[in-house]
Amino acid sequence: MPTTKNANSSSIHTPTFIRGDEFHFPIYKVLKQDGTTYRGAVLPKLDQEKALRIYRTMVFTRVLDERMLAAQRQGRLSFYMQSTGEEATVIGSAAALDDADMIMAQYREQGALAYRGFTTDQFMNQLFSNELDYGKGRQMPIHYGSRDLHYMTISSPLATQIPQATGYAYGQKLDGGGHCTITYFGEGAASEGDFHAALNMASVHKVPVIFLCRNNGYAISTPSSEQFAADGIAPRALGYRMHAIRVDGNDILAVYQATLEARKIAVEQNEPVLVEAMSYRLAAHSSSDDPSGYRSKKEEEAWREKDPILRMKLWLQKKKWWSEEEEKNLQESLRREVLETMKKAEKRPPPPLDSLVTDVYDEVPPQLAEQLSKLKAHIRKYPDAYPKSAGGLKHG
Amino acid sequence: MPTTKNANSSSIHTPTFIRGDEFHFPIYKVLKQDGTTYRGAVLPKLDQEKALRIYRTMVFTRVLDERMLAAQRQGRLSFYMQSTGEEATVIGSAAALDDADMIMAQYREQGALAYRGFTTDQFMNQLFSNELDYGKGRQMPIHYGSRDLHYMTISSPLATQIPQATGYAYGQKLDGGGHCTITYFGEGAASEGDFHAALNMASVHKVPVIFLCRNNGYAISTPSSEQFAADGIAPRALGYRMHAIRVDGNDILAVYQATLEARKIAVEQNEPVLVEAMSYRLAAHSSSDDPSGYRSKKEEEAWREKDPILRMKLWLQKKKWWSEEEEKNLQESLRREVLETMKKAEKRPPPPLDSLVTDVYDEVPPQLAEQLSKLKAHIRKYPDAYPKSAGGLKHG
Amino acid sequence: MAKMNLLQAINNALDLAMASNDKTVCFGEDVGVFGGVFRATSHLQEKYGRARCFNTPLVEQGIIGFANGLAAQGHVAVAEIQFADYIFPAFDQIVNESAKYRYRSGSLFDVGNLTIRTPYGGGIAGGLYHSQSPEAYFAHTPGLKIVVPRNPYEAKGLLLASIRDPNPVVFFEPKRLYRASVGDVPEEDYELPLGKASVLKEGTDITLLAWGAQMEPLEKAAEMAEKEGISCEIIDLRTIVPWDIETVTNSVLKTGRLVISHEAPLTGGFAGEIAATIQERCFLYLESPIARVTGLDTPFPLALEKEYVPDHLKIFEAIKHSIHF
Amino acid sequence: MAKMNLLQAINNALDLAMASNDKTVCFGEDVGVFGGVFRATSHLQEKYGRARCFNTPLVEQGIIGFANGLAAQGHVAVAEIQFADYIFPAFDQIVNESAKYRYRSGSLFDVGNLTIRTPYGGGIAGGLYHSQSPEAYFAHTPGLKIVVPRNPYEAKGLLLASIRDPNPVVFFEPKRLYRASVGDVPEEDYELPLGKASVLKEGTDITLLAWGAQMEPLEKAAEMAEKEGISCEIIDLRTIVPWDIETVTNSVLKTGRLVISHEAPLTGGFAGEIAATIQERCFLYLESPIARVTGLDTPFPLALEKEYVPDHLKIFEAIKHSIHF
Ligand SMILES: Cc1ncc(C[n+]2csc(CCOP(=O)(O)OP(=O)(O)O)c2C)c(N)n1
Ligand SMILES: Cc1ncc(C[n+]2csc(CCOP(=O)(O)OP(=O)(O)O)c2C)c(N)n1
Ligand SMILES: [Mg+2]
Ligand SMILES: [Mg+2]
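Chains as they are written, first to last, in our numbering: chain A, 78 to 473; chain B, 78 to 473; chain C, 159 to 483; chain D, 159 to 483.
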């Protein structure tokens, strides 16, 4: 019977509308801003080595973001997106996974990639679209990807990765290797039809996927109050009968622990989980954006006081795992590394002309090969007009 | 602050996943199958005249469905879709509206149109794609529409009408005339991305729209257990902070009363409402379908015993508003009317050749006029090959 | 050899694809127990289990999103869209995702294992939402291959090739022919090449070009023309993207005349692309303008479908017009 | 008269549309307080209130679904899609719904009051997802009008006409010119006709045809050609559907040569439709094959955008090739 699930629904005889106003999704917190933990909080088992791997990645991401925004302002880079304020959400969740689990991110998750070991060189090569960019200079800066690190290349159209994550995880389940997929997306992207498709299909087909929503309060200029009327994203899980948890996204310990348990559910029970991480996009949406037109400095300040990196640092220091000295050294060495690597990367030539036509198909079809050879002849005729590629042609 | 809505969310310090298993959406019922009402049930105020208007429409729809399916089986009609079993859902809800409220239906809601006074002639002209069909013979049978009756012409692509209903209702709100829109859809169509878009936008923009989901257990062959994992559609409303009610869709009094109150919320508070009507598609999906391949006779039988028309009849008889004599007369006169009207309609000629190119734009653009005149010349050359239109051309 | 109709040939191809590679997965609306509304996936769930052949929820964008992910993961995803008219909710997943997956990642990732099957075209009294021929919407998208078979033999060989081709393929099935077209089909596994047109009949006076269900009226028109002494060369394009420019060019260089036919509306239809390319490559050899015999620039009608459709008579007239230009 | 850039001209048109008809409503992602990511809707919410100019949730299919309903209800819906690259999730609502609303209902209902505005094209280092020119995807859809302006004056007059035209219009705005193109624009209300191409310059040797941002390289190439003594007739198509066959035909009957240029990939681009039509109508007058200068059959690149794009040099070469055929 198709409707047996409702069999144990109780009957009522007075028409009663339910809106769930009284229902508020609780928020899981472990770490206070001063670096102490809540009394009775369930603490993750996190050894010093792992804790420091997480922390160093958070600091790296922050430094990278600062430097690259500056580089963009200097005109060295066309575009950049910072993840400032959301480092704990992204890196804490990535750290709770197996390094071979698949990550399908939106675009503000450089921290997850850095955590897995993407090198500064690799970041820079993508950002500067040079010949070493894995993406062959085809996508805008910040569209990273790594097959070795199980990090799907970023795609600009929002939310498309969410149903893909469901399908990817379905494949993992068929393979039976005990791996899962995590997909990240903003609370804005969660308005797309693809979100609904993905969560519904995942719950029907019981796939090991973690849907991690970064609820950072804004989609470009649109505040979440104009994005949805409900209490955030987590309550939507009830409509799919999906496990869900809301977590303080600036709390590295809570994010880590929640994701660890979400992963357990996903992998051991083959059930999808929705994690909503409450945070704030401290920087502008991107280097093209200026938030002063749509939100107050005061609001930003209030959130700056909840800095997730500082919070973790205070915790590490309380545990005597980290000193100001080490902090200073780390910051300095990261800055130096980023700057030096950037200089190298921006000097590298762009990808070769042939990269215009490769990878459209597995092989270049005849029409396209013909188009390329015409283009080459044209560039040979007007080499000065195509400085990026004319040189390569002469020698190539 | 964008996230203040969560301010009164409580903090927890143990990671707790919520799936809502314990939560079951209650179902509102008034009328039992024997025609008596539940003790203490809130009864709608329904006078005899209105009750009989509803009942007669239910019987009309049933008769129409039976006759037209038979006509399809005889090859007189290319296609048909019955609403058997869901008459109370559709007609009970339509009866609770103002006749000038907008209806944007899926396709199994002929009852709502009949309730508003669409004539048997009008039904037949559409079904037989003749020159009097308002749709000018362009859509398959059952794609009715009526501007006078505020019933949007049916469109085959599923769920597209749901966000349109949100937009339509937004326009009604701007106009301030106190009207609302109801949109009907199946539990299958509710899986489409457009569903999510529609409900979210309606709750954000506070729009007077009623989303009425006919949960009839199947989308063609797909049982609802393979459509969603949750307890039906109603719980999704919690994710949008939208008023919702689940109602016994075979219970005319409950459907009527629930929709009446839903309309009040929509029109007086400018808030959307989701109504989930639990019922069963007693017939095949359409005249092209054979359910024996995917469900049991036993399951069907169990639902046949919950016939909504019989249930209402017993109630009417208990109230002495209806007799077996009247029933017999009604049935006979309706059958006769349907058959006679059908005979008339099938004899009428198809729409004229010009209707091929009109209404694509407000005026026929030059290219298209040219295409038509070439076509006319061609048909004049081969009149026997185009019997439907060649005659009209000679005289036209 | 066995006699099969087009539906059986497709079912047989899917069966072989699933048997020969246990990474192959078939899914879509109603494809499970029921075997699809046209029964193209009959018995596959029974044979290969629910994990490899299943119903999806009713959401085309989800079906293709899911399929993209599954293909990227390494499985062979064969997704069904119930009618081509309902492929548009998945347009973004196909055009922005499937088609660009490999290119944007520099080949780190791809969805070459994806095949989308969908019935298209008129002839079943389907009106504007069960009759569309949307191949041209996809033809403007580098990264996709687009295939349309004309009969059971071709359907089986082209579908097996599509499923195994390392690029995403949209495979349009002429639903009017599902049961109407019957022919000899080898029972064993075979593939027909993608990107190669097929010359069904050689001729010297005029080239006739179409694909899928439109081959039937094309051949009928050719018969009429032959009776009037016009020698027709008939080509089935088979693959819309990438299309076989060479075969068509060589034919027109020989005949000097070209008629192309498709059911879709004229404006923006794929015949336009072909005409544009061929007028360039065969400019000095063309003896009359390239003619297009297509649907009108309107949605697909119901009552007047016969009038709307580019039938053999309209093609025949175009042939004569071209010859007597 | 005022000096305006293209963005200001559009903002001004929207302002006038809202002032002259209080049924006009503008909405889309970030169009409210912020005035849109390009600022095309600046100050409209301030002036006309949140009910008439507002942010929507981030869901293109919802934006157009909502817009269809609002237009059917009788309001004038002006919806913004933030980038044309992101219009595809709304493809079904546009192609199956907006375009067919009037036809399928026998004109009982229509969404003629709908206008969809969206920035398109390259030139901003946007890579494959902030550069697409998808006009041809829509051009295959009877029921839609498609308009592309080339400068501020045209943008204002064509947008006002589009908003008031009783048919659904997709209005593509050349985002590369948003700030780069500046010109004199009357402050008062005016409309330019849809469906009419505009001959920017008369000439006798060859016809050059394009639309939107592509007019700039076209004019530059014409200048180069004129220096070599080639007299060019330059046409801005302005409306892609329905397109002005008559003006283009008359021009080519005169010049005997045609070069068409667009940024979108070659295969399935709208130049193909134009070439196919013109080779038919001007067959005996053509002195060389109709040439298409377009993007490559690949997604839009980033690092090698300059190489990819059909610039003035490529057009100039095509002109010379056509002349010396
Ligand atoms: C389909 C689609 N529509 C619109 C955009 C333009 N866009 C890029 S980012 C963005 C806002 C996303 O907000 P959210 O999902 O909350 O993520 P956040 O930026 O806050 O991390 C928009 C509208 C896009 N990239 N894709
Ligand atoms: C977008 C789209 N996809 C698929 C179909 C084919 N189709 C027609 S009805 C139907 C099932 C609908 O089920 P449901 O919404 O539950 O309504 P019911 O038939 O049960 O009333 C399907 C898949 C369609 N019409 N539109
Ligand atoms: Mg956000
Ligand atoms: Mg149903």
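Built from N, CA and C at the ideal position, the CB exists for glycine as well.
Here the structure is a predicted model, which is why all the values come from computation and not from measurement.
Item to check | Residue-level contact to chain D via CB, Tyr371(A), 8 Å cutoff | outcome: Chain D contact via Cβ: present.
Checklist entry - Are Ser280(B) and Ala306(A) close, meaning C-beta to C-beta below 8 Å? => result Cβ distance < 8 Å, so Ser280(B) and Ala306(A) count as in contact.
Checklist entry - Taking the continuous beta strand (DSSP E) assigned at Pro277(C), which residues delimit it? => result Counting along the chain, the beta strand (DSSP E) containing Pro277(C) begins and ends at 272-278.
Checklist entry - Cα separation between Arg23(A) and Gly212(A)? => result Residue numbering for chain A in the displayed model covers 78 to 473; residue 23(A) lies beyond these limits and cannot be assessed.
Checklist entry - Is it true that the region 242-262 of chain C meets the region 407-425 of chain A, where meeting means three or more beta-carbon pairs spaced less than 8 Å apart? => result Counting Cβ pairs under 8 Å, fewer than three are found: no touch.
Checklist entry - Among residues of its own chain, excluding the 5 on either side of Ala371(D), which ones have a beta-carbon nearer than 6 Å to its beta-carbon? => result Here the set comprises Gly279, Pro332, Arg334, Leu335.
Next on the checklist: Do Arg381(A) and Gly326(A) count as a contact pair if the criterion is CB distance below 8 Å?
Outcome noted: Going by C-beta atoms, Gly326(A) is not nearer than 8 Å to Arg381(A).
Checklist entry - Can you find a C-beta in chain A that's less than 8 Å from the C-beta of Val217(C)? => result Val217(C) counts as touching chain A.
Item to check | Stretch-stretch touch, CB-based, cutoff 8 Å, three pairs: the region 396-404 of chain C with the region 184-194 of chain D | outcome: With a cut-off of 8 Å, the region 184-194 of chain D and the region 396-404 of chain C do not count as touching, because too few Cβ pairs lie within range.
Item to check | Cutoff 8 Å: Tyr295(B) Cβ touching any chain D Cβ | outcome: Look at Tyr295(B): its C-beta is not under 8 Å from any C-beta on chain D.
Checklist entry - Is any heavy atom in ligand 4 found nearer than 7 Å to the beta carbon of Glu264(B)? => result Yes.
Checklist entry - Is Tyr336(C) helix, strand or coil by DSSP? => result Tyr336(C) carries a coil assignment under DSSP once its states are collapsed to helix, strand and coil.
Next on the checklist: What ranges does the alpha helix (DSSP H) occupy inside the region 343-393 of chain A, keeping only unbroken runs of at least 4 residues that lie completely in it?
Outcome noted: For secondary structure counted as the alpha helix (DSSP H) over 4 or more consecutive residues, the region 343-393 of chain A holds these complete runs in sequence order: 374-381.
Checklist entry - With which residues is Ser263(C) paired in a DSSP beta bridge? => result Ser263(C) has no beta-bridge partner at all, per DSSP.
Checklist entry - Quick one: what's got a C-beta closer than 7 Å to Asp308(A)'s C-beta in the same chain, skipping five residues either side? => result Counting only Cβ-Cβ distances below 7 Å, and skipping sequence neighbours, we find His101, Phe102.
Next on the checklist: Please state the DSSP three-state secondary structure of Ala209(D).
Outcome noted: Looking at Ala209(D) - three-state DSSP - the assignment turns out to be coil, as it is neither helix nor strand.
Next on the checklist: Taking 7 Å as the cut-off, is the beta-carbon of Tyr295(B) closer than that to any non-hydrogen atom of ligand 4?
Outcome noted: In this structure, Tyr295(B) has its beta carbon less than 7 Å from a heavy atom of ligand 4.
Checklist entry - Mind listing which residues of the region 85-108 of chain A have their C-beta closer than 8 Å to chain B's C-betas, in chain order? => result Listed by position, the residues of the region 85-108 of chain A near chain B (Cβ gap below 8 Å) are Asn85, Ser86, Ser87, Ser88, Ile89, His90, Thr91, Pro92, Thr93, Phe94, Ile95, Arg96, Gly97, Asp98, Phe100, His101, Phe102, Pro103, Ile104, Tyr105, Lys106, Val107.
Checklist entry - Taking Cβ positions, are Leu276(B) and Val352(B) nearer each other than 8 Å? => result No. Outside cutoff.
Next on the checklist: I'd like to confirm the pairing. Which residues does DSSP put opposite Tyr59(B) in its beta bridges?
Outcome noted: Because chain B spans 78 through 473 in this model, residue 59(B) falls outside it and cannot be assessed.
Checklist entry - Taking Cβ to Cβ, would you say Ala213(C) is nearer than 8 Å to Glu238(C)? => result According to the sequence as given, residue 213(C) is Asn; it is not Ala. Not a contact, by the Cβ cut-off of 8 Å.
Item to check | Arg358(B) Cβ short of 7 Å to ligand 5 heavy atom set | outcome: Ligand 5 is not part of this structure, which contains only ligand 1, ligand 2, ligand 3 and ligand 4.
Checklist entry - Rounded to the nearest angstrom, how far is the Cβ of Pro218(A) from that of Ser155(A), given a contact under 8 Å? => result Going by Cβ atoms, the distance from Pro218(A) to Ser155(A) rounds to 6 Å, so yes, they are a contact pair.
Checklist entry - Any residues in the region 270-281 of chain A with a beta carbon nearer than 8 Å to a beta carbon of chain D? Which ones, in chain order? => result Residues Gly270, Asp271.
Checklist entry - Hey, which unbroken runs of the beta strand (DSSP E) at 3 residues or more fall wholly within the region 223-261 of chain C? => result Here the runs fully enclosed are 234-238.
Checklist entry - Is there a Cβ from chain A that is less than 8 Å from the Cβ of Ile488(C)? => result Residue 488(C) lies beyond the stretch modelled for chain C, which goes from 159 to 483, so this question has no answer here.
Checklist entry - Does the Cβ of Ala319(D) have 16 or more other Cβ atoms within 10 Å, making it buried, or fewer, making it exposed? => result That one is buried.
Item to check | Identified DSSP bridge partners for Thr365(D) | outcome: Beta-bridge pairing links Thr365(D) to Glu391(D), Leu416(D).
Next on the checklist: Going by DSSP in three states, Tyr317(B) sits in which element: helix, strand or coil?
Outcome noted: Helix at Tyr317(B).
Checklist entry - Are there 16 or more other CB atoms within 10 angstroms of the CB of Gly117(A), so buried, or fewer, so exposed? => result Sixteen is the threshold: since fewer than 16 other Cβ atoms of the shown chains lie within 10 Å of the Cβ of Gly117(A), the residue is exposed.
Item to check | Segment contact, 8 Å Cβ cut-off, at least three pairs: the region 342-361 of chain A with the region 130-139 of chain B | outcome: No, they do not touch.
Next on the checklist: On the CB-based measure, 16 or more other CB atoms within 10 Å of its CB, does Ala84(A) come out buried or exposed?
Outcome noted: Here Ala84(A) scores only 48 on pLDDT, less than 50, and its place in the model should not be relied on; the value that follows carries that caveat. The Cβ neighbour count for Ala84(A), taken over all protein chains shown within 10 Å, is under 16; the residue is labelled exposed.
Item to check | Ser170(A) at chain C interface by Cβ criterion, 8 Å | outcome: Not an interface residue.
Checklist entry - How about the region 427-447 of chain B and the region 267-286 of chain C: do they share at least three Cβ pairs that are nearer than 8 Å? => result Flag = no, the region 427-447 of chain B and the region 267-286 of chain C do not touch.
Item to check | Proximal residues of chain D, C-beta to C-beta of Gly214(A) below 8 Å | outcome: Per Cβ cutoff of 8 Å: Pro459, Leu460, Ala461, Leu462.
Next on the checklist: Give me, in chain order, the residues of the same chain whose beta-carbon lies closer than 8 Å to that of His256(A); leave out the 5 immediate sequence neighbours on both sides.
Outcome noted: Setting aside the 5 residues that flank it on each side, His256(A) is surrounded in the same chain by Asp175, Ala177, Asp178, Met179, Gln249, Pro285, Val344, each with a C-beta closer than 8 Å to its C-beta; the list follows chain order.
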